[in-house]
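Each residue of the sequence shown is one higher than the one before, counting from 402 in my numbering.
Below is one structure, written out as structure tokens; comments come after it.
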Amino acid sequence: MANELAKLSILDAAKKLAAKEISSVDLTRACMENIDARNERLNAYLEVFDDAEDQAQAADDRRAKGEKHALLGIPLAMKDNILIEGRRVSAASKMLENYVATYDATAVTKLKSAGAVFLGRTNLDEFAMGGSTENSAFGVTRNPVDETRVAGGSSGGSVAAVAADMALGAFGSDTGGSVREPSAFCGTVGFKPTYGAVSRSGLIAMGSSLDQIGPIAKNVADAELLFNTTRGLDPLDSTTTPEGLYPKRKQMKKIGVPRHLFTEGIDKDLLKNFDAALADLVAQGYELVDIKLPSAPLALAIYYIVMPAEVSTNLARLDGVRYGLSKTGENLFDDYAKTRREGFGPETRRRIMLGTYVLSSGYYDAYYGKATLARETLSREIAEALERVDVIATPTTPSPSFKIGEKSDPLSMYLADIFTVTANLTGNPAISLPMGTVVRDGVSLPVGIQFTAAHGDEAGLFTVGKLLESSQKK
Ligand code: GLN
402 MANELAKLSI
412 LDAAKKLAAK
422 EISSVDLTRA
432 CMENIDARNE
442 RLNAYLEVFD
452 DAEDQAQAAD
462 DRRAKGEKHA
472 LLGIPLAMKD
482 NILIEGRRVS
492 AASKMLENYV
502 ATYDATAVTK
512 LKSAGAVFLG
522 RTNLDEFAMG
532 GSTENSAFGV
542 TRNPVDETRV
552 AGGSSGGSVA
562 AVAADMALGA
572 FGSDTGGSVR
582 EPSAFCGTVG
592 FKPTYGAVSR
602 SGLIAMGSSL
612 DQIGPIAKNV
622 ADAELLFNTT
632 RGLDPLDSTT
642 TPEGLYPKRK
652 QMKKIGVPRH
662 LFTEGIDKDL
672 LKNFDAALAD
682 LVAQGYELVD
692 IKLPSAPLAL
702 AIYYIVMPAE
712 VSTNLARLDG
722 VRYGLSKTGE
732 NLFDDYAKTR
742 REGFGPETRR
752 RIMLGTYVLS
762 SGYYDAYYGK
772 ATLARETLSR
782 EIAEALERVD
792 VIATPTTPSP
802 SFKIGEKSDP
812 LSMYLADIFT
822 VTANLTGNPA
832 ISLPMGTVVR
842 DGVSLPVGIQ
852 FTAAHGDEAG
862 LFTVGKLLES
872 SQKK
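So this is what it looks like as structure tokens:
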């Protein structure tokens, strides 16, 4: 029987903490009980911190002295590619299995100052490359709703932790959908901020022009709180932008729907839920506008050129000399080759090779150069569409969660990212929230709806998200 206290949303728990009805130690113990009951099977946490209760006690002491923050004493889970000083951070790779972080990610610094409790580090696809957490060097994360299915990825561990009440909220990273896709599969809210809103300092880089740290929560208001606590200009990341950079947008109560993207590959039952969710919003005064995004069908192709190109350069630093695993070969070159062959899993190696190829002098213009141009066109189309509507709506994924082992062909796995990669390529903020369930093999599986807004308009996303949530509760 799951500990009920850990079912609370962050904001409800914060109210109870403020009213002294519960303590952070109580909340942390409740999460720990659920971790003890389910983590061995789900494999959401790679490590549960043995000082979590001490952190909770410290938060209770801070509160007793008069400190107030909604996150003070709230137990959270962190994806294992976000640095917490003095703790191991593996990126779910053998390469960094025993690597200890020497500094805090900026997001972590902000969470520490708010008083959040870190329960542990959660599983992911190696270096965040994947859509199912099957690429982890430390085993798959199971979906808490149906343990024969994947939790999604790459932030599968963080999402499973929240979905199974093993944390009140969590953080992941989103390079092509890694916060939103698993959230859709497990029934949580997943949010990718505008590029530059949250500092990437202390996030192990995958694709630097795409990566953002984003929250995973039980509802939109919690995700908003986690985002607001971690956002902001950071001298340690020159791509961060100050709050208030983008002018506030007036809401038009219009939702753009690119129906031309909903081709045969999209699950029919899922599309019914999508239409029902939109109908809820229409009942609340929204107008649906049919929009065309001519370059959106190219988004996957663009992403799977730009991303590996950046991966191949970012992972070049893992050479056995500077960080992590180090193997000795016949000569220096052999040291590198041996370390990288043994340290990286197959998907990581595939992407490094692809990336090196598309950047090589003979092919640069044909691939990377073209992808960069197409990326610009896509950005322009999204920006133009968002001049006429507040948000663009699509399903988050083309199908509900799939069986573990089902997508052994990498290309079929990449297709799961069809709706999520666009926001990373264009830098727009996007959110996934639950839109009911579809039944597969007798099990009701969660599915998600995604909204994308103009740069800096996270407020617009939270507004629509909260409205949809409230109509679903009725
Ligand atoms: N599934 C996508 C990929 O495999 C997204 C990964 C991510 O967002 N980190 O690249």
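Where a beta carbon is used, it is the ideal one built from N, C-alpha and C, also for glycine.
Fair warning: this is a prediction, and the values are worked out from it, not measured in the lab.
When burial is assigned at 16 or more other CB atoms within 10 Å of the CB, is residue i buried or exposed?
i	result
Leu646	exposed
His856	buried
Asp566	buried
Glu625	buried
Leu733	exposed
Val792	buried
Asp818	buried
Gln685	exposed
Glu785	exposed
Ala700	buried
Lys619	buried
Ala465	exposed
Ser425	buried
Val880	Outside the displayed span of the chain (402 to 875) sits residue 880, for which this structure offers no information.
Asn499	exposed
Helix, strand or coil for residue i? Go by DSSP, reduced to three states.
i	result
Thr749	helix
Met836	strand
Met479	strand
Arg488	coil
Val790	coil
Asn404	coil
Pro830	coil
Glu468	coil
Tyr446	strand
Ala784	helix
Thr664	coil
Ala622	helix
Val658	strand
Asp635	strand
Thr823	helix
Leu760	helix
Leu604	strand
Lys771	helix
Thr795	strand
Arg776	helix
Arg841	strand
Since residue i is in the alpha helix (DSSP H), which residue starts that stretch and which ends it?
i	result
Glu582	581-587
Lys416	411-419
Gly557	557-564
Ile436	425-443
Glu743	733-744
Gln360	Residue 360 lies beyond the residue range present for the chain, which begins at 402 and ends at 875; the question has no answer from this structure.
Leu716	From DSSP, Leu716 is part of no alpha helix (DSSP H); its letter is neither H nor E.
Ser813	811-815
Terminal residues of the continuous beta strand (DSSP E) containing residue i?
i	result
Gln613	613-618
Lys593	590-593
Pro847	844-854
Gly573	570-575
Which whole-angstrom value is the C-beta distance of residue i and residue j, which I expect to be below 8 Å?
i	j	result
Tyr704	Gly615	Actually they are not in contact, since the Cβ atoms of Tyr704 and Gly615 sit about 17 Å apart, beyond 8 Å.
Ile605	Val490	7 Å
Leu525	Gly557	7 Å
Ser600	Thr534	The pair is not a contact, with the Cβ atoms about 25 Å apart (cut-off 8 Å).
Gly603	Asp505	6 Å
Leu689	Ile656	6 Å
Leu834	Val560	At roughly 13 Å, the Cβ-Cβ gap does not stay under 8 Å, so Leu834 and Val560 are not in contact.
Glu468	Gly516	7 Å
Phe528	Thr749	6 Å
Ser762	Asp623	Contact doesn't hold; Cβ gap of about 48 Å is too wide.
Thr542	Ala445	5 Å
Is there a Cβ from chain D that is less than 9 Å from the Cβ of residue i?
i	result
Ala824	Here there is only one protein chain, and chain D is not present.
| Whole runs of the beta strand (DSSP E) within the region 670-710, excluding any shorter than 3 residues | 688-691
| Of all the beta strand (DSSP E) runs that stay within the bounds of the region 495-563, which reach a length of 3 or more residues? | 518-523, 547-551
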